[in-house]
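*Asks:*
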């Protein structure tokens, strides 16, 4: 082996570098190179990180849903759904509206116990396959999706087609004789409540872990303001 | 003086006849003034020469344009260029559509209606962009099929295949983000469905949805977000990747079609035997 391949000492003074002092291991050239790289990285992150945060920010934004009035109690029967136009998103005109199908709690149909928030059953029109709007067909007593043929029974449970879970629901409450619609929640095939998920995300089995909910969107109706 | 060995020196070349070899000008002699026609003819050469002297771009242009290509190169080899021209057409028509388009949820549909019904040639340019997008996707796949069936993805061109796949994905993202922009019923619901398909990816799906929609629901900023991705973020990335793709094509050369046989030199074969 020639001298070239001998391992160099890590001390600059051993390597006969001019101006080296004892115990120094980083050459000045190396120090300057590293400093320049670090300065470049700081400058780049100074514009990249804020831009990234700006783009990702809405994901973590606290989302407060308000209770909205959908009409007097007398509007809703126990045997048939009444479609109500509701405001899903503010400030975007018609595109922000959606439909909720509402009826009175019916002990002959509904299996879950009655509580403060389900005197009226409000079902979202968003199909749980991929989010197209379903329509309730009273003659068939089914919710039917026009896009890919999803069918739900009168409780909103999947009766056929590709949907992966029953239709989402809204909390409802009665104030001064009027029905109010609150936050949305998702349900699995036993109608157990879960934090809202997007369509296409199953909640049975390990589904609830594979499709985590947003930290900013909970199923607790008391999270909402008056 | 040492004696030179007895070697044969090559004869000097025959001097060219005087008519082809004009006598050099005497120093100080006046140059004949070019006629206006001659000056006009030389202007282009002069301008190109001026730029080339300062940039040496002609070498790069020659390297890029005058490449050796294998025998048997055929029309299938033009699919890549066709895809690039489809992209250029999308870029140009897109820029002009952006002059009228307004990416706000309340104005978008109205501005597209204005482009289609009132702006001069608006429907034509919009149609070029709309149908051109489908043409581009089809050409991308044909180009990909050519590369695959001709085995042109093999060593040393694997990296170019990878860049090509990235371009395919970006083209798909372009189609997805562009589909929302007319903001009619079809684009609205198609985007809802498309975003929810993204959401079915385990673990990352829900977060990807939130990023695309800028929130848990289709909201006020979703459209402008799609618009910014569609017309600012992706075109630059695609153009840069096309540059890299073309550089590798020029550097590595194109492959011969699989049915082409290497021509053996008769003399060489005899030598081998």
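Chains as they are written, first to last, in the working numbering: chain A, 1 to 226; chain B, 1001 to 1273.
Heads up, the beta-carbon is just placed ideally off N, CA and C, and yes, glycines get one too.
Given that a residue counts as buried once 16 or more other Cβ atoms are within 10 Å of its Cβ, and exposed if not, what is residue 1132 of chain B?
*Replies:* Walking along the second chain from the start, residue 1132 of chain B turns up at place 132. Counting Cβ neighbours within 10 Å, residue 1132 of chain B comes out buried, since at least 16 surround it.
*Asks:* Quick check on DSSP: helix, strand or coil for residue 82 of chain A?
*Replies:* Counted from its first residue, the first chain places residue 82 of chain A at position 82. Note: residue 82 of chain A maps to strand in three-state DSSP.
*Asks:* Using the DSSP secondary-structure output, state which residues sit across from residue 71 of chain A in a beta bridge.
*Replies:* Your numbering for residue 71 of chain A matches position 71 in the first chain. Bridge pairing for residue 71 of chain A: A:179 [DSSP].
*Asks:* By how many angstroms is the C-alpha of residue 1080 of chain B removed from the C-alpha of residue 1263 of chain B?
*Replies:* Translated into the one-based positions of the second chain, residue 1263 of chain B becomes position 263. Translated into the one-based positions of the second chain, residue 1080 of chain B becomes position 80. Approximately 27 Å between the Cα atoms of the pair.
*Asks:* In this structure, what does DSSP give as the bridge partners for residue 186 of chain A?
*Replies:* Within the first chain, the letter at position 186 stands for residue 186 of chain A. In the DSSP output, where bridge partners are listed per residue, residue 186 of chain A has A:194.
*Asks:* Given a threshold of 16 other Cβ atoms within 10 Å of its Cβ, counted over all protein chains shown, does residue 211 of chain A qualify as buried or as exposed?
*Replies:* Along the first chain, one-based indexing puts residue 211 of chain A at 211. That one is buried.
*Asks:* I want to verify the contact list: residues of chain A whose CB lies under 7 Å from the CB of residue 1105 of chain B, in sequence order.
*Replies:* Counted from its first residue, the second chain places residue 1105 of chain B at position 105. The answer, in chain order, is 92, 93, 95.
*Asks:* For residue 157 of chain A, which residues in the same chain have their Cβ closer than 6 Å to its Cβ, ignoring the five residues on either side in sequence?
*Replies:* For the purposes of this step, residue 157 of chain A is identified with residue 157 of the first chain, where counting begins at 1. These residues qualify, in order along the chain: 166.
*Asks:* Tell me where the beta strand (DSSP E) around residue 114 of chain A begins and ends.
*Replies:* The count along the first chain starts at 1 and reaches residue 114 of chain A at position 114. No beta strand (DSSP E) holds residue 114 of chain A; DSSP gives it neither H nor E.
*Asks:* Can you check whether the C-beta of residue 1203 of chain B is within less than 8 Å of a C-beta belonging to chain A?
*Replies:* Position 203 of the second chain holds residue 1203 of chain B. So yes, residue 1203 of chain B belongs to the interface.
*Asks:* For chain A, is any of its Cβ atoms less than 8 Å away from the one on residue 1275 of chain B?
*Replies:* Summary: the structure shown does not reach residue 1275 of chain B, with chain B confined to residues 1001 through 1273, and so no result is reported for it.
*Asks:* For residue 108 of chain A, is the classification buried or exposed, using 16 other Cβ atoms within 10 angstroms of its Cβ as the cut-off for buried?
*Replies:* As a working note, residue 108 of chain A is residue 108 in the first chain. Residue 108 of chain A comes out exposed.
*Asks:* Roughly how many angstroms lie between the CA atoms of residue 1231 of chain B and residue 77 of chain A, to the nearest whole one?
*Replies:* As a first step, residue 1231 of chain B must be located in the second chain, where it is residue number 231. As a first step, residue 77 of chain A must be located in the first chain, where it is residue number 77. For residue 1231 of chain B and residue 77 of chain A, the distance between alpha carbons rounds to 50 Å.
*Asks:* Taking the C-alpha atoms as reference points, what is the distance between residue 1141 of chain B and residue 1093 of chain B?
*Replies:* For the purposes of this step, residue 1141 of chain B is identified with residue 141 of the second chain, where counting begins at 1. For the purposes of this step, residue 1093 of chain B is identified with residue 93 of the second chain, where counting begins at 1. Rounded to whole angstroms, residue 1141 of chain B to residue 1093 of chain B spans 22 Å at the Cα level.
*Asks:* Could you check if residue 1120 of chain B is buried or exposed, using at least 16 other CB atoms within 10 Å of its CB as the buried criterion?
*Replies:* To locate residue 1120 of chain B, count along the second chain from 1; it is residue 120. Answer is exposed; the Cβ neighbour count stays below 16.
*Asks:* Determine the closest residue to residue 91 of chain A out of B:1220, B:1265, B:1044, with distance taken between C-alpha atoms.
*Replies:* Counted from its first residue, the first chain places residue 91 of chain A at position 91. Looking at the Cα atoms, B:1220 is the closest of the given residues.
*Asks:* Tell whether a beta-carbon distance below 8 Å holds between residue 99 of chain A and residue 89 of chain A.
*Replies:* The residue labelled residue 99 of chain A in the question sits at position 99 within the first chain. The residue labelled residue 89 of chain A in the question sits at position 89 within the first chain. No, these two residues do not count as a Cβ contact at 8 Å.
*Asks:* Let me confirm a value: residue 94 of chain A is counted as buried when at least 16 other C-beta atoms fall within 10 Å, else exposed. Which label applies?
*Replies:* Counted from its first residue, the first chain places residue 94 of chain A at position 94. It counts as exposed.
*Asks:* Taking the C-alpha atoms as reference points, what is the distance between residue 1073 of chain B and residue 1056 of chain B?
*Replies:* Within the second chain, residue 1073 of chain B is the residue found at index 73, counting from 1. Within the second chain, residue 1056 of chain B is the residue found at index 56, counting from 1. Roughly 30 Å separates the two Cα atoms.
*Asks:* If we ignore side chains and look at the alpha-carbon of each, how far apart do residue 152 of chain A and residue 131 of chain A end up?
*Replies:* Taking the first residue of the first chain as position 1, residue 152 of chain A is located at position 152. Taking the first residue of the first chain as position 1, residue 131 of chain A is located at position 131. One C-alpha to the other measures close to 14 Å.
*Asks:* In chain order, what residues of the same chain have a beta carbon less than 7 Å from the beta carbon of residue 1136 of chain B, not counting five sequence neighbours either side?
*Replies:* Within the second chain, residue 1136 of chain B is the residue found at index 136, counting from 1. Result list for residue 1136 of chain B: 1083, 1086, 1087, 1090, 1171, in chain order.
*Asks:* Got a sec? Which residues, its chain only, sit under 8 Å from residue 62 of chain A by beta carbon, not counting five neighbours each side?
*Replies:* Taking the first residue of the first chain as position 1, residue 62 of chain A is located at position 62. Excluding sequence neighbours, residue 62 of chain A sits near 216.
*Asks:* Using CA atoms only, rank isn't needed, just tell me which of A:205, A:181, A:190 is closest to residue 73 of chain A.
*Replies:* Residue mapping note: residue 73 of chain A aligns to position 73 of the first chain, counting from 1. Nearest of A:205, A:181, A:190 to residue 73 of chain A, Cα basis: A:181.
*Asks:* Closest by CA to residue 164 of chain A, which one among B:1185, B:1234, B:1199?
*Replies:* Residue numbering aside, residue 164 of chain A sits at position 164 when the first chain is read from its first letter. Taking only the C-alpha atoms, the option nearest residue 164 of chain A is B:1199.
*Asks:* Could you pull out every residue in the same chain whose Cβ sits closer than 8 Å to the Cβ of residue 1166 of chain B, ignoring the five residues on either side in sequence?
*Replies:* Along the second chain, one-based indexing puts residue 1166 of chain B at 166. Listed in chain order, the non-local C-beta contacts of residue 1166 of chain B below 8 Å within the same chain comprise 1241, local neighbours out to five positions each way being set aside.
*Asks:* Would you give the residue range spanned by the beta strand (DSSP E) that residue 144 of chain A belongs to?
*Replies:* Stepping through the first chain from its first residue, residue 144 of chain A is reached at position 144. That run of the beta strand (DSSP E) goes 142-144.
*Asks:* Report yes if the C-beta distance between residue 1191 of chain B and residue 1208 of chain B is below 8 Å; otherwise report no.
*Replies:* Working through the second chain from its first residue, we reach residue 1191 of chain B at position 191. Working through the second chain from its first residue, we reach residue 1208 of chain B at position 208. No, Cβ-Cβ distance for residue 1191 of chain B and residue 1208 of chain B is not below 8 Å.
*Asks:* I'd like the list of long-range same chain contacts for residue 1139 of chain B, defined as Cβ closer than 8 Å, with 5 residues on each side in sequence excluded.
*Replies:* As a working note, residue 1139 of chain B is residue 139 in the second chain. These residues qualify, in order along the chain: 1079, 1082, 1083, 1086.
*Asks:* How far does the beta strand (DSSP E) with residue 160 of chain A in it reach, from first residue to last?
*Replies:* Here residue 160 of chain A refers to the residue found at position 160 when the first chain is read from its first residue. From DSSP, the beta strand (DSSP E) with residue 160 of chain A extends over 158-160.
*Asks:* Taking 8 Å as the threshold, find out whether the region 1183-1190 of chain B comes into contact with the region 1141-1153 of chain B through three or more Cβ pairs.
*Replies:* no
*Asks:* What's the gap between the Cα of residue 71 of chain A and the Cα of residue 120 of chain A?
*Replies:* To locate residue 71 of chain A, count along the first chain from 1; it is residue 71. To locate residue 120 of chain A, count along the first chain from 1; it is residue 120. Distance between the alpha carbons of residue 71 of chain A and residue 120 of chain A is about 12 Å.
*Asks:* Helix, strand or coil for residue 208 of chain A, going by three-state DSSP, please let me know.
*Replies:* Locating residue 208 of chain A in the first chain gives position 208, counting from the first residue. In this structure, residue 208 of chain A counts as helix in the three-state DSSP scheme.
*Asks:* Are there 16 or more other CB atoms within 10 angstroms of the CB of residue 279 of chain A, so buried, or fewer, so exposed?
*Replies:* Nothing can be reported for residue 279 of chain A, as the shown portion of chain A is limited to 1 through 226.
*Asks:* Quick one: residues in its chain with C-beta nearer than 7 Å to the C-beta of residue 27 of chain A, no 5 flanking neighbours on either side, listed in chain order?
*Replies:* For the purposes of this step, residue 27 of chain A is taken as residue 27 along the first chain, with counting starting at 1. Take residue 27 of chain A, set aside five residues on each side of it, and the residues of its chain with a beta-carbon closer than 7 Å to its own are 12, 17, in chain order.
*Asks:* Helix, strand or coil: which one does DSSP assign to residue 1166 of chain B?
*Replies:* Taking the first residue of the second chain as 1, we reach residue 1166 of chain B at position 166. Helix.
*Asks:* Can you check whether the C-beta of residue 169 of chain A is within less than 8 Å of a C-beta belonging to chain B?
*Replies:* Within the first chain, residue 169 of chain A is the residue found at index 169, counting from 1. Taking Cβ atoms only, chain B never reaches closer than 8 Å to residue 169 of chain A, which makes this a no.
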